Each structure stands twice: as structure tokens, then as C-alpha cells.
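If you're matching positions, the sequence shown starts at 62 in the working numbering and goes up one per residue. Using N, Cα and C, we set each Cβ at its ideal position, and we do this for glycine too. Just so it is clear, the structure is predicted and the values come from calculations on it, not from any experiment.
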Amino acid sequence: DGGTLKQLVFAGLTWLRTNQENVNALNVFPVPDGDTGTNMVLTLQAAYNEIKDSSETNVGVLAHALSQGALMGARGNSGVILSQLLRGFARALDDNVEMDAELLKAAFTESKETAYKGVVRPVEGTILTVAKDTAVVANEKIQPDTPIFEILDIVLTAAKESVANTPNLLPILKQAGVVDSGGEGLY
């Protein structure tokens, strides 16, 4: 429900804030300006600010509020893509009171679709690839009766593996000896 989604977003924000400088240090594409972690934290913080004081339990309503906050607070390329991922997620949840495994799979797919459509020239080996790979694994491995925390484990494992593969898809990452910063931030 919305309360659980709120807790999960807060946990993600906490992880991202804790690892912000690590994500910044990975930033070599598209511009090596070392701000991907910062931009993603600011964007996710803006999204969370939209719901932090809310007692809303409708997961769709809460997801739309997150999306709006991310859109208004998006910073840099990674923040804009993150806001698009949240927009797709909210679109899939629409006005559903609760989310089940099937709806979550649809949300991962719609997140990926929306983010790809929002980028003029999508580049593989980036946050987009991590979103795509995560959606593919979610659709392959998640069954209607899969418990939510098992789903999160499946998705996090897929994201981690995708991030580890980004240097094989984007030569500049391999040259620098790093993984994609936006992908790491999403993971």
C-alpha cells in the first residue's frame, strides 16, 4: 500500500544519500562533472518531500505525488531520467489502492518505457540499461504469488548485475575503470 511505498522510498533515499559521494566519484558519462549522486539525491528528496507528511494509503495516489515531486525537483540528466522512471511507475499504478506482484511488474516495465521515451538518444550502459534489465528480470522471475520482499531481492540482484555489466556496454566506463554512476544510483 502507500504506507509501504513511502517507507521503501525513504529507505532508497537514505541509501542514496549515504552513498552519494561514491556515486559522484563514478561519474564519467555523459559529462565527468561528478554530480550524478548529488543530482539523484536532490531529485529523490524532492519526490519524497511531496509525501513525507502524507497519511495517504492509496499506492497510486502516493506514486503520482512522488512523480510530481521528482519532476519539479529534477536536477541534471540523472535526475530527469529518475523523474521519468517515477512517472512511468506512477502511470502503471494509476489509481490502484494497493500493488500486487503483477502490478509491480507492470510498473517496472512502464518506468523503463517512459524513461527511454524521455531521452532523445538513449545510450546503453547507463541508468536506462539498468532500468531495462531490471524490468526484464522482474517480468521473467516474478510470479503472482511472489512476496514483496522477495520481489525486491530479485530486482536488486538484477540491478546489481546490470550495473556491473555497464562497462561492457559503454567503452568510456571501461576506460575509466568504473560502472555507470546513474545506474549505480538507481541500484
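Cβ neighbours of Ala176 within its own chain (closer than 7 Å, five residues either side excluded): Ile142, Gln145, Leu146, Gly149, Leu189 and Ala192. Taking C-beta separations shorter than 6 Å and ignoring five residues to either side along the sequence, the partners of Ser242 in its chain run Val84, Leu87, Asn88 and Thr97, following chain order. When Cβ pairs closer than 8 Å are counted between the two stretches, the region 231 to 242 is seen to touch the region 179 to 189, the count reaching three or more. Straight through space, the alpha carbons of Asn157 and Thr65 are spaced by roughly 14 Å. Leu69 is not a Cβ neighbour of Leu105, given a cutoff of 8 Å. Cβ neighbours of Ala199 within its own chain (closer than 8 Å, five residues either side excluded): Leu165, Lys166, Phe169, Thr170, Ile212, Ile215, Val216 and Ala219. In its chain, beyond the 5 residues on either side, Asp161, Ala162 and Glu163 have a beta carbon closer than 8 Å to the beta carbon of Pro205. The shortest C-alpha to C-alpha distance from Gly130 to any of Ser172, Thr79, Glu222 and Lys113 is the one to Lys113. In this structure, the straight-line span from the alpha carbon of His125 to that of Glu117 is close to 12 Å. Cβ neighbours of Asp62 within its own chain (closer than 6 Å, five residues either side excluded): Thr118, Val120 and Glu159. DSSP places Leu231 in the coil class of the three-state scheme, outside both helix and strand.
In chain order, Pro228 and Asn229 place their CB closer than 8 Å to the CB of Lys235, counting only its own chain and leaving out the 5 sequence neighbours on each side.
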